[in-house]
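> First residue of the sequence shown: 1, per UniProt numbering; consecutive thereafter. Think of the CB as a built atom: it goes at the ideal place given N, C-alpha and C, for glycine as much as any other residue. Every value quoted in this text rests on a predicted model; they were computed, and no experiment measured them. Quick one: this structure, given as structure tokens, is what I'll be asking you about.
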Amino acid sequence: MDIQVARFRQTLELLKPAVARKSKITSIEHILLKDGKAAATDLETFVVTPVPEVDLTTLVPFNDVVKVLKFTPGRELLTIKSSSGKLSLSWADGSATFPTEDPGDFPDVPEFVPETEGSINTDVLIPALVRVLPYAATDSERAVLAGVTLILGDPVEVAAGDGYRMADQVLPLSFPKDKIVILPSSSVRVLKHLWEK
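Below, the structure written as structure tokens:
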């Protein structure tokens, strides 16, 4: 696989908030390259982005590769190869090799088939989700309260509460189907990161 260093760095930066930091499942501390896509998950949030250059199946040790690419010129062409539990990166003036996990150990990328589709203005929705996020519970014992409630319909609303205080915002948006969804707090943070990119 060949890709410009700057483009691969951008892909890694995009996936960063979904990569698990320290996990007993070491494969999720990596990103998966497969079938023209790059994927990352912390088992709560899954981020998948198209990378047409991907023509192999491998796991990329996120932290190690990010450190190496910090000092690699962005215009360089990066060649990525994988074999026998090793990932090799090479560019005009250097190379690096890392041990890697078996791609089969990475959680399956879920197939998403939408029940209803509609467009929604993310420039209104994402900031509203972020504004109510501080009102969500921070402990995992109250899972329903540890996220932001997205109330789809006409109008769209977002709400969060920790049992003591609550925030609710009615947005000037509409969605073709009425549905209530609870977004985990970490997923809202990932959405904010992606929206800012």
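Can you tell me which of T122, A137 and S82 puts its alpha carbon nearest to the alpha carbon of K197?
Numbered from its first residue, the sequence shown carries residue 197 at position 197. Nearest C-alpha to K197: T122.
> For a test of the three-state rule: what should DSSP assign to I126, helix, strand or coil?
The count along the sequence shown starts at 1 and reaches residue 126 at position 126. Correct three-state label for I126: helix.
> Would you check if the distance between the CB atom of E44 and the CB atom of S140 is smaller than 8 Å?
Position 44 of the sequence shown, counted from the first residue, corresponds to residue 44. Position 140 of the sequence shown, counted from the first residue, corresponds to residue 140. Not closer than 8 Å, so no.
> Mind checking who residue 229 pairs with in its DSSP beta bridge?
The structure shown has nothing for residue 229, since the chain only spans 1 to 197.
> Which value, in whole angstroms, describes the spacing of the CA atoms of G85 and V48?
In the sequence shown, the residue the question calls residue 85 occupies position 85. In the sequence shown, the residue the question calls residue 48 occupies position 48. Spanning the two alpha carbons is a distance of roughly 23 Å.
> Rounded to whole angstroms, what is the Cα-Cα separation between D93 and S83?
For the purposes of this step, residue 93 is identified with residue 93 of the sequence shown, where counting begins at 1. For the purposes of this step, residue 83 is identified with residue 83 of the sequence shown, where counting begins at 1. Cα to Cα, the separation comes out at about 22 Å.
> So, under 8 Å CB-CB, L33 and T58 are touching, yes? Tell me the CB distance rounded to an integer number of Å.
Reading the sequence shown from its first residue, position 33 is the one you call residue 33. Reading the sequence shown from its first residue, position 58 is the one you call residue 58. Correct: roughly 5 Å between the Cβ atoms.
> What did DSSP end up calling A6 once you bin it into helix, strand or coil?
Locating residue 6 in the sequence shown gives position 6, where the first residue counts as 1. Helix, per DSSP.
> Flag this pair as touching only if the segment 13-32 and the segment 151-165 have three or more C-beta atom pairs under 8 Å; answer yes or no.
At 8 Å Cβ cutoff, the stretches do not touch.
> According to the neighbour-count rule (16 or more other Cβ atoms, all chains shown, within 10 Å of its Cβ), is F8 buried or exposed?
Numbered from its first residue, the sequence shown carries residue 8 at position 8. F8 is buried by the Cβ-count criterion.
> Rounded to the nearest angstrom, how far is the Cβ of A184 from that of G147, given a contact under 8 Å?
Locating residue 184 in the sequence shown gives position 184, where the first residue counts as 1. Locating residue 147 in the sequence shown gives position 147, where the first residue counts as 1. First, the amino acid is wrong: residue 184 is Pro here, not Ala. Going by Cβ atoms, the distance from P184 to G147 rounds to 5 Å, so yes, they are a contact pair.
> For the candidate residues A137, A159, T116 and D168, whose alpha-carbon lies nearest to that of D178?
Translated into the one-based positions of the sequence shown, residue 178 becomes position 178. Among A137, A159, T116 and D168, the Cα nearest to that of D178 belongs to T116.
> Can you tell me where the beta strand (DSSP E) holding V181 begins and where it ends?
The sequence position of residue 181 within the sequence shown is 181, counting from 1. K179 to P184 is the extent of the beta strand (DSSP E) around V181.
> Whose C-alpha, out of R189, V170, A6 and V188, is nearest the C-alpha of W91?
Here residue 91 is taken as the residue at index 91 of the sequence shown, counted from 1. With distances taken between Cα atoms, W91 lies closest to A6.
> Once you ignore the five residues that flank E157 on each side, which residues in its own chain have a CB closer than 6 Å to its CB?
Position 157 of the sequence shown, counted from the start, is the residue given in the question as residue 157. Only I151 and V170 meet the Cβ criterion.
> Exposed or buried, which one is A143 when buried takes at least 16 other CB atoms within 10 Å?
Within the sequence shown, residue 143 is the residue found at index 143, counting from 1. Its Cβ having fewer than 16 others within 10 Å, A143 is exposed.
> Of the residues D42, W195, P134 and L133, which one's Cα is nearest the Cα of S27?
Position 27 of the sequence shown, counting from 1, holds the residue named residue 27. The option with the nearest alpha carbon to S27 is D42.
> Take L87 as the anchor and find which of A39, V60 and E29 has the nearest alpha-carbon.
Counted from its first residue, the sequence shown places residue 87 at position 87. Taking only the C-alpha atoms, the option nearest L87 is V60.
> Within this structure, are the beta carbons of I31 and L15 separated by less than 8 Å?
If you number the sequence shown from 1, residue 31 lands on position 31. If you number the sequence shown from 1, residue 15 lands on position 15. The answer is yes: Cβ separation under 8 Å.
> With 16 as the cutoff for other CB atoms within 10 Å, does V124 come out buried or exposed?
Here the question's residue 124 lines up with position 124 in the sequence shown. That one is exposed.
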